[in-house]
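Visitor: In UniProt numbering, the protein residues as written are 1 to 338.
One structure is given below, represented as structure tokens, and several questions about it will come after.
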């Protein structure tokens, strides 16, 4: 049999998608987890919860259990992490093949960054799993107050690829509009789903492909008109904001790398996420870039289409972003037409 390189599709199919689930206690995470663990969706998920005690997994669903791993009636399993995430995940991967996905629930106040970063650095996990998306469940009634008083609330909103804006029945439609606008100010490219009791099709939250290089920018329908959000005067000066930069001129690859490495080394703790598609000078393919705090990945993906405008777009989500310095740094990487 001759060796044949894998196609992107095969590569994706073989890796188990991992979803990171965040949100405050009381926002509805447990409701969502219980749905995944009990609905007859015909798929098998492993749910990793940080501390079994603090989450109300419905005990009627639990079939047999050893100390760390619980099986559910619908064939999904649930396990607890008290120690090392990598150890638990490696154990799960060895334990049985054929999961349709793994969901990692982070405790109420945790920054999901380090969990997401695990999938950037561990070789074994990179071989067998792929980070799919960070999902945040937020409570429409209490989020405005939480954003005022808790840096973690803003961090979870800033990190999320998809936000379940839950308990929407408890607030007026004007309040919802205002809250969505505020969420966009923090995180320009998240997908907001309005829900009650987390009722949304599971495919909206599972297998989203937010970290998949080929799909990375397809999630942002507002992306190109994103900059007009910045002309609004935000009533709230949230510490975490988004900045969108773009250019139609080619970008100098080595200069971009140097700038970005230095930037993430110094400001990584404050930069939650960065995503970009770049038209790199001399490359016929898109260069896709993403980072979580200090850790970054970049790769070339599909070629630019004939006649297509080659935009470069870069988005930062972070705390106290120095927008002028970032804009200047990006501009220094742009090759002006001769």
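Where a beta carbon is used, it is the ideal one built from N, C-alpha and C, also for glycine.
DSSP has residue 121 in a bridge; who is on the other side?
Guide: Beta-bridge pairing links residue 121 to no other residue.
Visitor: So, at 6 Å on beta carbons, what are the nonlocal neighbours of residue 146 in its own chain, with the 5 sequence-adjacent residues on each side left out?
Guide: 153
Visitor: Which value, in whole angstroms, describes the spacing of the CA atoms of residue 102 and residue 336?
Guide: Straight-line spacing of the CA atoms in residue 102 and residue 336 works out to 46 Å.
Visitor: Residue range of the beta strand (DSSP E) that residue 136 falls in?
Guide: Start and end: 129-139.
Visitor: Can at least three beta-carbon pairs, one atom from the region 32-52 and one from the region 197-215, be found at a separation below 8 Å?
Guide: yes
Visitor: Counting pairs of Cβ atoms below 8 Å between the region 314-321 and the region 254-272, do you hit three or more?
Guide: yes
Visitor: When we look at the beta-carbon of residue 284 and count the other beta-carbons within 10 Å, is it buried (16 or more) or exposed?
Guide: exposed
Visitor: Beta-carbon within less than 6 Å of residue 28's beta-carbon, same chain only, minus the 5 sequence neighbours each way: which residues are those?
Guide: 137, 166 and 198
Visitor: Whose C-beta lies closer than 6 Å to the C-beta of residue 228 among residues of the same chain, with five residues either side of it excluded?
Guide: A caution first: residue 228 carries a pLDDT of 42, below 50, which makes its placement in the model unreliable, though a value can still be read off. Short of 6 Å from the beta carbon of residue 228, and not among the five residues preceding or following it, lies no beta carbon of its own chain.
Visitor: Can you tell me whether DSSP reads residue 197 as helix, strand or coil?
Guide: coil
Visitor: What residues in its chain sit with their C-beta under 6 Å from that of residue 180, if we drop five residues either side in the sequence?
Guide: 192
Visitor: Along the alpha helix (DSSP H) that carries residue 323, what are the first and last residues, could you check?
Guide: Element bounds for residue 323: 323-333.
Visitor: Restricting to Cα atoms, I'd like to know which of 279, 211, 243 and 309 is closest to residue 334.
Guide: 279
Visitor: Give the secondary structure of residue 173 by DSSP, where H, G and I count as helix, E and B as strand, and everything else as coil.
Guide: helix
Visitor: Between which two residues does the beta strand (DSSP E) harbouring residue 86 extend?
Guide: Unbroken run through residue 86 is the alpha helix (DSSP H), 85-95; no beta strand (DSSP E).
Visitor: Verify whether the separation of the beta carbon atoms of residue 104 and residue 115 is less than 8 Å.
Guide: yes
Visitor: Is the separation between the beta-carbon of residue 242 and that of residue 187 shorter than 8 Å?
Guide: yes
Visitor: If you follow the beta strand (DSSP E) that residue 166 is part of, which residue opens it and which one closes it?
Guide: 162-166
Visitor: What's the gap between the Cα of residue 294 and the Cα of residue 113?
Guide: Per the coordinates, the alpha-carbon of residue 294 lies some 10 Å from the alpha-carbon of residue 113.
Visitor: Closest by CA to residue 292, which one among 305, 299, 275 and 301?
Guide: 275
Visitor: Please report the straight-line C-alpha distance between residue 245 and residue 185, rounded to a whole angstrom.
Guide: 15 Å
Visitor: If you draw a straight line from the alpha carbon of residue 157 to that of residue 23, how long is it in whole angstroms?
Guide: 9 Å
Visitor: In whole angstroms, what is the alpha-carbon distance linking residue 207 and residue 312?
Guide: 26 Å
Visitor: Given a cut-off of 8 Å, decide if residue 46 and residue 92 are closer than it, judged by their beta-carbon atoms.
Guide: The Cβ atoms of residue 92 and residue 46 sit closer than 8 Å to each other.
Visitor: Quick check: what's the CA-CA separation for residue 325 versus residue 134?
Guide: 28 Å
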